[in-house]
Structures are given as C-alpha cells and as structure tokens.
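Protein chains in written order, with my numbering: chain A, 2 to 408; chain B, 197 to 385. Remarks on the structure that follows.
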Amino acid sequence: MQESNISAGNLEQCLKCNLCTLVCPMMAVNGHYPGPKKAGPDGERYRLKDPQYYDYALKYCLNCKRCEVSCPSGVKIGDIIQSARLRYGGHNLRDWTLANTDLVGSLASPFAPLVNGVLGLRPVKTLMHSWMGVDSHRTFPAYSARKFSSWMRKQDQSRFDKFVTFFHGCYVNYNYPQLGKDLVKLVNAAGYGVHLLEKEKCCGVALMSNSMGDRARRQGEINLASMRKAIAAGEDILTVSSTCTFTMRDEYPHVLGLENADVRPHLYLLSKWLYKKMERGEVKLKFRKDLHLKIAYHTACHMQKLGWRNYTLELLRKIPGVELVEMEQQCCGISGTFGFKKENYGYSQAIGGRLFDEIGAARVALGAQSDPGFVVCTECETCKWQIEMSTGVPVMNPVSILAMALE
Amino acid sequence: MKFDAVVIGGGKAGCEAASLLLDAGLKVCLVSAGLTMDAESTDPWAAVRAIARRGAVVLRGDTAVSADLKAETVLSVHTECLEEEPLEARLFILATGKYFSRGLLADMERIYEPVFGADVDYIPGRENWYDSDFSAPQPFLGFGVKTDAQGRVLIGGKTMKNLYATGDILAKGAQAASIEAIASEYAGK
Numbered sequence: 002m003q004e005s006n007i008s009a010g011n012l013e014q015c016l017k018c019n020l021c022t023l024v025c026p027m028m029a030v031n032g033h034y035p036g037p038k039k040a041g042p043d044g045e046r047y048r049l050k051d052p053q054y055y056d057y058a059l060k061y062c063l064n065c066k067r068c069e070v071s072c073p074s075g076v077k078i079g080d081i082i083q084s085a086r087l088r089y090g091g092h093n094l095r096d097w098t099l100a101n102t103d104l105v106g107s108l109a110s111p112f113a114p115l116v117n118g119v120l121g122l123r124p125v126k127t128l129m130h131s132w133m134g135v136d137s138h139r140t141f142p143a144y145s146a147r148k149f150s151s152w153m154r155k156q157d158q159s160r161f162d163k164f165v166t167f168f169h170g171c172y173v174n175y176n177y178p179q180l181g182k183d184l185v186k187l188v189n190a191a192g193y194g195v196h197l198l199e200k201e202k203c204c205g206v207a208l209m210s211n212s213m214g215d216r217a218r219r220q221g222e223i224n225l226a227s228m229r230k231a232i233a234a235g236e237d238i239l240t241v242s243s244t245c246t247f248t249m250r251d252e253y254p255h256v257l258g259l260e261n262a263d264v265r266p267h268l269y270l271l272s273k274w275l276y277k278k279m280e281r282g283e284v285k286l287k288f289r290k291d292l293h294l295k296i297a298y299h300t301a302c303h304m305q306k307l308g309w310r311n312y313t314l315e316l317l318r319k320i321p322g323v324e325l326v327e328m329e330q331q332c333c334g335i336s337g338t339f340g341f342k343k344e345n346y347g348y349s350q351a352i353g354g355r356l357f358d359e360i361g362a363a364r365v366a367l368g369a370q371s372d373p374g375f376v377v378c379t380e381c382e383t384c385k386w387q388i389e390m391s392t393g394v395p396v397m398n399p400v401s402i403l404a405m406a407l408e
Numbered sequence: 197m198k199f200d201a202v203v204i205g206g207g208k209a210g211c212e213a214a215s216l217l218l219d220a221g222l223k224v225c226l227v228s229a230g231l232t233m234d235a236e237s238t239d240p241w242a243a244v245r246a247i248a249r250r251g252a253v254v255l256r257g258d259t260a261v262s263a264d265l266k267a268e269t270v271l272s273v274h275t276e277c278l279e280e281e282p283l284e285a286r287l288f289i290l291a292t293g294k295y296f297s298r299g300l301l302a303d304m305e306r307i308y309e310p311v312f313g314a315d316v317d318y319i320p321g322r323e324n325w326y327d328s329d330f331s332a333p334q335p336f337l338g339f340g341v342k343t344d345a346q347g348r349v350l351i352g353g354k355t356m357k358n359l360y361a362t363g364d365i366l367a368k369g370a371q372a373a374s375i376e377a378i379a380s381e382y383a384g385k
C-alpha cells in the first residue's frame, strides 16, 4: 500500500472539485481551452500512459497560477501544465524570437533608434503580423541605446560598506534602464551599495512558456552559480520584476528541476527587502510631503502567487500624500509573450477587459478623472505594456514611485 | 505585520468570524489557503472579497504553517509566502476546517492539527477511524480539536489564552467560540 503521495506536482491530491476551473481567466473567454483541471492533473494521467495524449490546446495556459492560488488541496496545477508543455510542446521562429529576450536585446540595443523606428512603422507591423504572427496592435517596448549594465559599471559605489546584488532582468537592461536607476537610488538612500551579478542571463520565463526548457535550464544554472557567489559574500539579491523573481524562486525547482533551496531565501523583490529592513529599524527613509499621487494598485498574477502584495502596499502607505485603491486581483491578459501572438490577441484583450474597467472605476473613486497624477502601480513589466496600451493610464513600478518620493 | 486579530481559514466559519471582528472595529488579517465552495454565489472569491473590502488584510492562497507560543499565549503565526515576517496579533481564531481544507491532517498513525499542534480528539488506531459499512456514521467525521467551555483551544492539555476555534475543525461536542463576545472583549482592551 502506498503510504504517501509521490506524484509530481501533488497530482494525486486533486479531488476534481473544479474550483480552479472557476477562477481560470482563460476558461472564461476561450472554449478551446480544456481548463486547468483537465489540462493539468487529469491530462497528466493520460500523458503518463502515452505522450500522444498531449493536447496542443495547453498552449492557451497563461501560467498565471491563479488555479494554484485557489486550490484547497495544494495541487501544483500550473506547474503540471508548464512541465507538460516543456516536455511535449513545440515552437516556431516567431516564438523563438519572442522568447530569446536576452539575445534579441543585445542585438537590438546597439541600433536602438533604428530598431525602434523600424518596428513602429505601419508596413513593418503589417508584415510582422502576417509573416511572423506578431499582432499589429502591439508595439514592442522601445530599446534603450545604453544598457543599464553599462551605466551601472560607471557608478561609484565604493562609499558603502554594506551591499546588495541587483538582478536587473532583460526589461531594465535593454528597454527601461530608468527603473534600474530608481532601484539604485532607493537602495543607496537605504545605506547599501549595489553590485551586479558576475554573470546575468534572462531568468528564462519566456523560454519556458515557449517550450525551450533546455536553454532556460542552462541560463538558470548560470544565474544560480553567480547568485551563490554573491550570497557567499553576504549579499541579498534584489529584483524589480515579480515574474523574474517568481520564476527564479519557484519555477526553477518545480518546473526546470534546478535545486535552489540555498538561494531562494536570499532572493527578494525590492519591496519585501525594504519592508523587512524598515520593520526591523535597520533602514530609515524620509519621504517628501508634497507628492500628490493617486494610485490604483494592480496585483500581477505572479505577485499574487508570491503572496507579497502586502509588502508593497504597506510601503506605499508610508508615503504622505499618496491615495491608494487596491484593485481586485485579476489577470491583465497579456501573460508575457502570449499576448504578442496574433492568434491570442483577442483572448488577451477579452481577459483584460474587466481589469481595464476597474482601472476606470478606480480613477473615479479617487476623484482623478482629469488628474495627471493618476497612475496604476504594479511589479510586472508586461502588465505595464498591456495596461498602458489598453487604457492609456501610465503604469509605474513601486520602486519608481518610492524613489520619486524620496526627500 | 501587526494586527488585533488573525483569522486562519477563509471558509464560511473564518469569514463570519472576520466579519464580526471587523464589526467590533478590530484590525483583522484573514489567511485563506484556497477557495471553499459557496453555494450562494457564482463568484468563488465573493466571501473573502467582502472581508477585504471592509478593510481587512486578506492573504489569498497563503497557508499558515507554524506558530510562536509563549507559555499559554500565541504570539504570532508564520505563513508559507510571508516567510520570515510573522503575523503578530493579540487574538487568533482557528477556522481551517477538517480534512478537505487540510485543517486536520491524517497519516497512518495519527490525526493532527498542523499549525499549532492543537490537541485533537480522536480514537487511536486507524482501523477505528472508519466503518467499513459505507452508509454507517463515520467516526472520523466527529474527530477535531479540543476546546474549553469558552471555545479556547487546548495544546498539550493546557488552555491557550488567546486562541479560539470555530467551524468544522471542532471535535464533535466541543464548544465553539462565541466570536461576538470575544470581539467585544478585545475591542475594549
């Protein structure tokens, strides 16, 4: 008799209650998707028998993990689906280009003005839509001419005696260095210097969702090896993106099979780290009193799964003059590279619709209909692109808001 | 993070308790490990959402894993997601239900309550937990945590001063906490 559960992802704990099916954002808009229970624990029983039972409709899973958040039995539904896609799923040239954020970023960055200009042209968009399958509604985030890592190497941090290591991620490095500069400003104000990892690769989330597990695993190994060196030197690792953080803490061991138990407790989003330091009285920050900002906070899916939203909310509440509305916890629909694919664009916008309405309602609730000081705050860069494109409301990472609020 | 009261369990009993504590003006945190089916609503998160709208901090999808005790007082509870930051409070309500919601866990030898290690009222010996006649009353359904006459939880035979139990997790015949009375008592402190 089997005395304990030995199945991957707690597969056998599933009692078929279907609560995950009820909360799945894709299920609500797409009849072709079998839903988390059927795609996850149910389908896995078949796939274990014979891989030919792999259903290509699993590509519709957003990997938002909202199924896992709702599961009363602790079944790792999202992990089961994600692992199946790595084992049996495929990709084309379009997926490869979207997934290799690191490689494409390094190629595009030196020619940033040219690349940005060309990607924005109508005929190019039309061509990419029909030839590559990248939806023409989408605009790629602009590439920065100067990488964050090049800027950072010029910064003198020698005046500090305590340090953290910053995992900047692809978005900060190639597209939006200002967010990285904001983190440096905050961490310096807290009395810590900033180091970069000896070697940093993309966390691998886009590779994983496009079924390129081997490459993701190799990049993960490089990141973990560099992180171990930083941790051995007594430094915590900070990040600004909820998805990079979640991927490296939880998807590395659960989906890629990378052992990270020694690294995981040292891997923080800035808000968790800063909350902890301020709560213990180790860091004191002074905030401006004249910052009048009305904020609607959006809980990104992976932030929800990390369970850390309260750290960010508590920090934002410390800024005088900030008015805050916590929005309902729902998916924006883009799910990284998913929403860039033309076959997914309709689903993406249908899922996000409820959130866009809620942002409008939050604006009214805050009395900010015509107020330029109204922003949406979230830790996820792809939520930012989706919300800015779909609502026109500017979206800020809490790191930038906190940096802006410093005296 | 500091609160007046921490309610563990986002099912019917936990949400009702949180609601009464909010009525009394207490600062409440509700830990809801997963969803519970609500026959009255098509929106599965409706009950915990209503609690959040009233100003409580609701930790969705987070699980209480352990507690810090000092003599007969609970100081704080640790959760899986918040890791090193404990939830500190003056009052704790245990409303995690029975086996389905993992408020009680059973292995081959014992039935136990995983967060506090509360005393569980059950018959030793796995063969005594069930009746092989499927439609007969099943003993395991009557097992649950032990409480005193005020609904306070027992740990190691001792009554905890600030830990109360309510809902399905109670053993058959054990006294449930009167949340209204506790709420007004703590609101006055």
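All C-beta atoms in this analysis are idealised placements derived from N, C-alpha and C, irrespective of residue type, glycine included. Only a predicted model underlies this, so the values are computations on that prediction, with no experimental measurement involved.
Interface annotation, residue 63(A): not in contact with chain B, CB-CB separation never under 8 angstroms. Contact of residue 70(A) with chain B is assigned, a C-beta pair being separated by under 8 angstroms. Within the same chain, and ignoring the five residues on either side of residue 220(A) in sequence, the residues whose Cβ sits closer than 8 angstroms to its Cβ are 103, 202, 203, 204, 205, 208.
Between the segment 214–231 of chain B and the segment 39–52 of chain A, the count of Cβ pairs shorter than 8 angstroms is below three; the stretches do not touch. Residue pairing from DSSP places residue 256(B) in a beta bridge opposite 228(B).
Close to residue 308(A), with beta-carbon spacing below 7 angstroms, are these residues of chain B in chain order: 255, 257, 258, 277, 278. Cβ neighbours of residue 383(B) within its own chain (closer than 7 angstroms, five residues either side excluded): 220, 221, 222. Interface criterion not met: the Cβ of residue 226(B) is under 8 angstroms from no Cβ in chain A.
For the 8 angstroms CB-CB criterion, residue 106(A) and residue 171(A) form a contact. Rounded to the nearest angstrom, the gap between the Cα atoms of residue 229(A) and residue 169(A) is 16 angstroms.
Per the Cβ contact rule, the segment 388–405 of chain A is in contact with the segment 283–303 of chain A (3 or more Cβ pairs under 8 angstroms). Residues are counted here when their Cβ sits less than 9 angstroms from a Cβ of chain A; for the segment 296–317 of chain B these are 296, 297, 298, 303, 304, given in chain order. At a Cβ-Cβ threshold of 8 angstroms, residue 79(A) and residue 68(A) count as neighbours. By the neighbour-count definition (other C-beta atoms within 10 Å, threshold 16), residue 145(A) is a buried residue. Among the residues of chain A, none has a CB under 7 angstroms from the CB of residue 271(B); the nearest is roughly 16 angstroms distant. The beta-carbon distance between residue 198(A) and residue 241(A), rounded to whole angstroms, is 14 angstroms. This is too long to meet the 8 angstroms contact definition.
Checking the DSSP bridge columns, you'll see residue 288(B) partnered with 202(B), 359(B). Straight-line spacing of the CA atoms in residue 120(A) and residue 343(A) works out to 16 angstroms.
Across the structure, residue 189(A) and residue 346(B) are spaced so that their CA atoms are roughly 52 angstroms apart. When DSSP states are grouped into helix, strand and coil, residue 308(B) belongs to the strand group. Closer than 8 angstroms at the C-beta level to chain B, one finds these residues of the segment 10–29 of chain A: 16, 18, 20, 23, 24. Rounded to the nearest angstrom, the Cβ distance from residue 77(A) to residue 255(A) is 6 angstroms, consistent with a contact under 8 angstroms.
Judged by DSSP in its simplified three-state form, residue 300(B) adopts coil rather than helix or strand.
Against chain A, the CB of residue 284(B) has no partner CB under 8 angstroms away; the residue lies outside that interface. The beta carbon of residue 258(A) is closer than 8 angstroms to those of 218 in its chain, skipping five residues each way along the sequence. Residues 335 of the same chain have their beta carbon placed closer than 8 angstroms to that of residue 324(B), with the five preceding and five following residues left out of the count. Near chain B, meaning a CB-to-CB distance below 9 angstroms, the residues of the segment 311–345 of chain A are 311, 312, 314, 315, 327, 329, 330.
Check the Cα spacing between residue 254(B) and each of 349(B), 316(B), 231(B), 320(B): the tightest is with 231(B). The beta carbon of residue 355(A) is closer than 7 angstroms to those of 331 in its chain, skipping five residues each way along the sequence. Between the C-alpha atoms of residue 48(A) and residue 54(A) there is a straight-line separation of about 5 angstroms.
Interface with chain A (8 angstroms Cβ-Cβ cutoff): residue 231(B) is included. Closest in C-alpha terms to residue 289(B), from the list 339(B), 343(B), 281(B), comes 343(B). Judged by their CB atoms, residue 256(B) and residue 244(B) are nearer to each other than the 8 angstroms cut-off. The beta carbon of residue 323(B) sits no closer than 8 angstroms to any beta carbon of chain A. Beta-bridge partners assigned by DSSP to residue 167(A): 197(A), 239(A).
Residue contact check for residue 182(A) against chain B: no CB pair falls below 8 angstroms.
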